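Reviewing the structure listed below.
Residue numbers (the UniProt record's numbering): 1 to 460.
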């Protein structure tokens, strides 16, 4: 099929080109040519028919880039998709409108969409709002409570995918022979290797304190022999008696049984003694773990330390240390994938640093306090630096679920069947849009047998 002609207005043109490339080029896989014109709206034109879309966000942002005045006006309106009488793949019929108006009109020659699809999608993918606000939590993170998605109730739906489907349905309405890029649903499982073994293995006082805890707090004296055995074995670089280490092996076992490759993100260089891991990559037990992950066909990734998210030198040192560790074990892999420790992320600084040190795929974009679609999508996409105002080579792989967000009493505080239902619903939405369901589960979170049952239900 010949390429579409897409006319863009004369403001925020780099941003317009980026979001059109992502939505129409990468997500839909369609050919197009971009031309600029003087009208304050977009036009997608082909064979005498056209789709008109507003440019409300970019028109507003042209003179006040990264100003609070450019943020969405609340409360948001909602578009009732049933009014269009078109078949549109949506998670719910009422669609929140971040920018634009909740209208869509169809005529013989074309369609006018009053929802600002391009501006709204850019706002979500680039994490524009995070560069505008200075409100953060105690770890310097942008929290879900500050986000427009949480405030307006659409954090649990992939709103960018839904905007894309509205546009796609309009394209199909006018040009029914158009074919989009095929996609397959994937479950992408990962584990952050924060604590591969109990810290008390390195401390006799710590071990004695744990023994006292078995007796006094947990009332489980039967745990004492195992704790002593684990402590002694650790002195001989044997980790297989440590429950945390065994759970890393168990993660591999259960995922291999259903054909999943797990990405294990390793801390490589302590940057903060309070928050970073208790291990070093040159410890014999950790060396064996790294080799075991590779031998069994899983993926080795970097878990940049607590202080790296705003520090290029520390980030580069983390990359270099892990790369040297792989070379020491004669593992022919390059460090290209990462996830930030504590999910510490500042838009766009962290993304630019990751790109600069050679990371090509990051999977940090999830809120630390709530599961869902922080970027509004379940597709990988190129990140955009809203300060330098350029498209990065860094691909973001949005993290949809971290188990702490769902289970922790200070977050969503869901347990048992409620936790499973929440995670499975997010997985269902990712499957609906043929995207990636990305799940992070720490080996330190299998505290009860029910936790392993929840995990197995969520990966299969």
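Cβ coordinates follow ideal geometry from the N, Cα and C atoms, glycine included. Keep in mind the model is a prediction, meaning the values are calculated, not measured.
Taking the straight line between their C-alpha atoms, what separation do you get for residue i and residue j?
i           : j           : result
residue 333 : residue 345 : 26 Å
residue 365 : residue 338 : 11 Å
residue 32  : residue 162 : 21 Å
residue 314 : residue 143 : 24 Å
residue 93  : residue 269 : 48 Å
residue 134 : residue 105 : 39 Å
residue 415 : residue 458 : 14 Å
residue 28  : residue 456 : 32 Å
residue 119 : residue 55  : 6 Å
residue 397 : residue 2   : 31 Å
residue 225 : residue 274 : 29 Å
residue 389 : residue 123 : 13 Å
residue 540 : residue 141 : As shown, the chain starts at 1 and ends at 460. That puts residue 540 outside it, with no answer to give.
residue 167 : residue 51  : 9 Å
residue 404 : residue 412 : 9 Å
residue 241 : residue 447 : 16 Å
residue 329 : residue 278 : 21 Å
residue 406 : residue 244 : 21 Å
residue 18  : residue 171 : 20 Å
residue 251 : residue 443 : 8 Å
residue 197 : residue 90  : 44 Å
residue 232 : residue 209 : 16 Å
residue 100 : residue 72  : 10 Å
residue 264 : residue 139 : 23 Å
residue 409 : residue 322 : 34 Å
residue 59  : residue 361 : 31 Å
residue 10  : residue 289 : 55 Å
residue 66  : residue 284 : 49 Å
residue 36  : residue 68  : 28 Å
residue 42  : residue 422 : 38 Å
residue 238 : residue 452 : 24 Å
residue 199 : residue 349 : 32 Å
residue 445 : residue 331 : 29 Å
residue 461 : residue 300 : Limits of the chain in this structure are 1 at one end and 460 at the other, which puts residue 461 out of reach.
residue 354 : residue 336 : 10 Å
residue 249 : residue 276 : 22 Å
residue 402 : residue 305 : 18 Å
From the options, pick the residue whose C-alpha is nearest to that of residue i; which is it?
i           : options            : result
residue 386 : 16, 104, 280, 8    : 16
residue 53  : 110, 88, 63        : 110
residue 319 : 237, 303, 331, 328 : 303
residue 254 : 214, 298, 277      : 298
residue 311 : 291, 295, 356, 284 : 356
residue 431 : 410, 379, 409      : 379
residue 148 : 450, 395, 376      : 376
residue 343 : 440, 74, 195, 49   : 440
residue 449 : 187, 247, 10       : 247
residue 150 : 75, 259, 289, 69   : 75
residue 352 : 327, 341, 340, 392 : 392
residue 34  : 47, 40, 20         : 20
residue 30  : 107, 40, 44        : 44
residue 280 : 325, 160, 445, 174 : 325
residue 24  : 154, 169, 418, 327 : 169
residue 48  : 108, 40, 38        : 108
residue 153 : 125, 38, 95, 121   : 95
Return the bridge partner residues of residue i from the DSSP annotation.
i           : result
residue 5   : 33, 45
residue 439 : 189, 401
residue 301 : 265
residue 63  : DSSP lists no partner for residue 63.
residue 78  : 96
residue 226 : Bridge partners of residue 226: none, in fact.
residue 259 : Answer is none; residue 259 lacks a bridge partner.
In chain order, what residues of the same chain lie with their CB nearer than 6 Å to the CB of residue i, ignoring the 5 residues before and after it?
i           : result
residue 347 : 127, 130, 131
residue 137 : 143
residue 427 : 437
residue 77  : 97, 102
residue 307 : 271, 272, 314
residue 156 : 372
residue 190 : 263, 440
residue 188 : 436, 438
residue 4   : 32, 44, 46
Keeping to the same chain, check which residues put their C-beta closer than 7 Å to that of residue i; ignore five residues upstream and five downstream.
i           : result
residue 61  : 12, 70
residue 64  : 70
residue 192 : 265, 303, 339, 440, 442
Run the proximity test for residue i: is its beta-carbon closer than 7 Å to any non-hydrogen atom belonging to the ligand ZN?
i           : result
residue 427 : In terms of ligand content, the structure shown is empty, and the ligand ZN therefore cannot be addressed.
In chain order, what residues of the same chain lie with their CB nearer than 8 Å to the CB of residue i, ignoring the 5 residues before and after it?
i           : result
residue 395 : 360, 361, 362, 380, 381, 382, 383
residue 158 : 91, 373, 376, 377, 378, 429, 430, 433, 435
residue 296 : 252, 256
residue 173 : 86, 106, 111
residue 83  : 104
I'd like to know if residue i contacts chain C, where contact means its C-beta is closer than 8 Å to some C-beta of that chain.
i           : result
residue 397 : Judged by its chain identifiers, the structure shown contains no chain C, having just a single protein chain.
Are at least three pairs of beta-carbons, each pair with one atom in the segment 354 to 374 and one in the segment 178 to 186, less than 8 Å apart? no
Any contact of the segment 112 to 121 with the segment 180 to 193, i.e. 3+ C-beta pairs under 8 Å? no
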